[in-house]
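Visitor:
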Amino acid sequence: MGSNKDGVNDIRKRKVCNIEKVNNQIKYINNDKKKKSTNVMEYYEKQQEILQSFKKDLTDSIGVTHEKEKKVVDPDEIAKQKFDNLISKISLSINITRLFLNLTASIISGSYSVISTLVDSSLDLTTGGIIYFANEAITNTSSWFYPRGRQRLEILSGIICAVIMGIANCMMILNSIQAIITNSIDINVDKVTVGIMLFGIISKFLLWIVCKSNVTPTSKVLTLDLQNDLLTSIVALCGAYLGTNYWSYADPLGAIIVCSWIVSSWYSALNEQIPLLVGGQIEQHQYSRIINICINHDERIKCLDHLMVYHIGSKVQVEIHAVMDENLPLKVTHDITEGLTHKLKKLDFVERVFIHCDYRVDGD
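Residues 1 to 364, numbered by the numbering used here, are exactly what the sequence shown covers, in order.
1) Using a Cβ-Cβ cut-off of 9 Å, state whether residue 238 counts as contacting chain B.
2) Use the C-beta contact count for residue 266: other C-beta atoms within 10 angstroms, 16 or more gives buried, fewer gives exposed.
3) Which of the three DSSP states is assigned to residue 155 in this structure?
4) Does the beta-carbon distance from residue 279 to residue 155 come in below 9 Å?
5) Excluding five sequence neighbours on each side, which residues of the same chain lie with their C-beta closer than 8 Å to the C-beta of residue 163?
6) Using the three-state DSSP reduction, which class does residue 302 fall into: helix, strand or coil?
7) Could you check whether the stretch 201-221 touches the stretch 139-148, counting it as contact only if at least three pairs of C-beta atoms, one from each stretch, sit closer than 8 Å?
8) Taking the DSSP output, what are the residues bridged to residue 162?
9) Per the DSSP calculation, residue 317 is bridged to which residue(s)?
10) Can you tell me the Cα-Cα spacing of residue 302 and residue 330, whole angstroms?
11) In this structure, does DSSP put residue 251 in helix, strand or coil?
12) Can you give the Cα-Cα distance for residue 346 and residue 359, rounded to whole angstroms?
13) Return the CA-CA distance between residue 251 and residue 119, expressed in angstroms with no decimal places.
14) Provide the residue span of the alpha helix (DSSP H) that contains residue 136, from first to last.
15) Put residue 347 into one of helix, strand or coil per three-state DSSP.
16) Which same chain residues, not among the five before or five after residue 152, have their C-beta less than 6 Å away from its C-beta?
17) Which residue's Cα is closest to the Cα of residue 310: 277, 335, 325?
18) Measure the beta-carbon distance from residue 244 to residue 175 and round it to whole angstroms, keeping in mind my assumption that it falls under 8 Å.
19) Which two residues bound the contiguous alpha helix (DSSP H) that contains residue 279?
20) Tell me the rounded alpha-carbon separation between residue 110 and residue 186.
21) Take residue 3 and list the residues in its own chain whose beta-carbon comes closer than 8 Å to its own, dropping the five residues that flank it on each side.
22) If you check the beta carbons only, do residue 256 and residue 167 fall under 9 Å apart?
23) Going by CA-CA distance only, name the one from 52, 201, 88 that's closest to residue 114.
24) Using only the alpha-carbon positions, how far apart do residue 79 and residue 324 sit?
25) Where residue 343 and residue 170 are concerned, what is the direct C-alpha to C-alpha distance, given to the nearest angstrom?
26) Quick one, are the C-beta atoms of residue 131 and residue 157 less than 9 Å apart?
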């Protein structure tokens, strides 16, 4: 028992020593970057951010051993899920109200810009429903049928929303271009139409403020959706007003601008979401944090023969081949790798860790 305690104390002392080294490096950078050019200062700032992450990771890993930790339900995660469900319901209610109001405004005005917001509202209802049911499915997941959960439904729902939005708005762009070519523009925007548009803008702005404060994938999708709604509603209102009072072509042009913006923003979102679903790479500084934990975990790990990290949703999977002395007992190698697994899982972007023990560097 005494030798085990001494071993644990030695590991803790080594970690404290490593933290002190990181602190010294941070101090050196702070003193040295004052003398450097802008580009070099930017480099130093990035290095300082990485070192701060190293320091936090090493501090958090103190006391983490190979022994299995009791699974603690994170109250923050539960609160975020409840928040997502509440916001999804509120968004769904607002979108239903806006759908009927924009339908009324479109019939009254005949404006292409207003009709583009009607298309947007109907699609908002569709996307809001998709996100709501995705959250319900995640919350009520059976661990028997889905042992790893269904968190990736969040990303899948975002991709489906992006595809639907893109197709519908491209069709609206074609209709607006046709109206300009055939000169079939007849609009009348009155106070009722303006009032309906303003109501939609204000309600979406308030909901956008709430969603912006949360960082879950669902809230990010809703934030993007609300941001699009705000910008497009303002442009649509301006286009419809100018088309009625000054230049008739401003109305279909406003619709084209609105729909083009929506297509562009959702295309960007699609490019971000797809790599998360198909195993995309992580950021370089995240790689650095993983490697730093590995090399500071235990001196009996000689080197890493293989390291692969890739997305399996919003979080990542880590695969490591750790090279150790071939004469080490199985119990020792197991305890070393098990402790490293627990440390890596403490990183907020890591979901799964697989570590393979090896006795030579063979590149496999």
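Ideal Cβ positions, reconstructed from N, Cα and C, are used throughout, including at glycine.
None of the values given here were measured: they were computed from a predicted structure.
Guide: The answer reads as follows:
1) Looking for chain B here will not work: only one protein chain is present.
2) Looking up residue 266 in the sequence shown gives position 266. Label assigned to residue 266: buried.
3) Within the sequence shown, residue 155 is the residue found at index 155, counting from 1. If DSSP states are grouped into helix, strand and coil, residue 155 belongs with the helices.
4) Position 279 of the sequence shown, counting from 1, holds the residue named residue 279. Position 155 of the sequence shown, counting from 1, holds the residue named residue 155. Remark: C-beta atoms of residue 279 and residue 155 do not approach each other more closely than 9 Å.
5) Within the sequence shown, the letter at position 163 stands for residue 163. Cβ within range, chain order: 270.
6) On the sequence shown, position 302 is the one that residue 302 refers to. Residue 302: strand per DSSP, three-state reduction.
7) no
8) Your numbering for residue 162 matches position 162 in the sequence shown. BP columns for residue 162 are empty, so no partner.
9) Here residue 317 refers to the residue found at position 317 of the sequence shown. Looking at the DSSP assignment, residue 317 forms a beta bridge with 310, 352.
10) Taking the first residue of the sequence shown as 1, we reach residue 302 at position 302. Taking the first residue of the sequence shown as 1, we reach residue 330 at position 330. Whole-angstrom Cα-Cα distance: 16 Å.
11) As a working note, residue 251 is residue 251 in the sequence shown. Helix at residue 251.
12) Here residue 346 corresponds to residue number 346 of the sequence shown, with the count starting at 1. Here residue 359 corresponds to residue number 359 of the sequence shown, with the count starting at 1. Cα-Cα distance, rounded: 27 Å.
13) To locate residue 251, count along the sequence shown from 1; it is residue 251. To locate residue 119, count along the sequence shown from 1; it is residue 119. Rounded to whole angstroms, residue 251 to residue 119 spans 15 Å at the Cα level.
14) Taking the first residue of the sequence shown as 1, we reach residue 136 at position 136. For residue 136, the uninterrupted alpha helix (DSSP H) segment begins and ends at 112-139.
15) Indexing the sequence shown from 1 puts residue 347 at position 347. If DSSP states are grouped into helix, strand and coil, residue 347 belongs with coil.
16) The count along the sequence shown starts at 1 and reaches residue 152 at position 152. Excluding sequence neighbours, residue 152 sits near 313.
17) Here residue 310 refers to the residue found at position 310 when the sequence shown is read from its first residue. Residue 310 has its Cα closest to that of 277, out of 277, 335, 325.
18) Taking the first residue of the sequence shown as position 1, residue 244 is located at position 244. Taking the first residue of the sequence shown as position 1, residue 175 is located at position 175. In fact, because the Cβ distance is near 19 Å, the residues do not count as touching under 8 Å.
19) Along the sequence shown, read from residue 1 onward, the residue named residue 279 stands at position 279. Residue 279 -> no alpha helix (DSSP H), and no H or E assigned at all.
20) Counting from one through the sequence shown, the residue named residue 110 turns up at place 110. Counting from one through the sequence shown, the residue named residue 186 turns up at place 186. Those two C-alpha atoms are separated by around 7 Å.
21) Residue numbering aside, residue 3 sits at position 3 when the sequence shown is read from its first letter. Because the pLDDT at residue 3 is just 49, under 50, the model does not fix this residue reliably, and the value given afterwards should be weighed accordingly. Answer for residue 3: no residue qualifies.
22) Indexing the sequence shown from 1 puts residue 256 at position 256. Indexing the sequence shown from 1 puts residue 167 at position 167. No; because the gap between Cβ atoms is not below 9 Å, this pair is not in contact.
23) Counting from one through the sequence shown, the residue named residue 114 turns up at place 114. Comparing Cα positions, the closest option is 201.
24) As a first step, residue 79 must be located in the sequence shown, where it is residue number 79. As a first step, residue 324 must be located in the sequence shown, where it is residue number 324. Straight-line Cα distance between these residues: approximately 42 Å.
25) As a first step, residue 343 must be located in the sequence shown, where it is residue number 343. As a first step, residue 170 must be located in the sequence shown, where it is residue number 170. Each residue's Cα considered, the two are about 48 Å apart.
26) Mapped onto the sequence shown, residue 131 falls at position 131. Mapped onto the sequence shown, residue 157 falls at position 157. Their beta carbons are under 9 Å apart, which means residue 131 touches residue 157 by this criterion.
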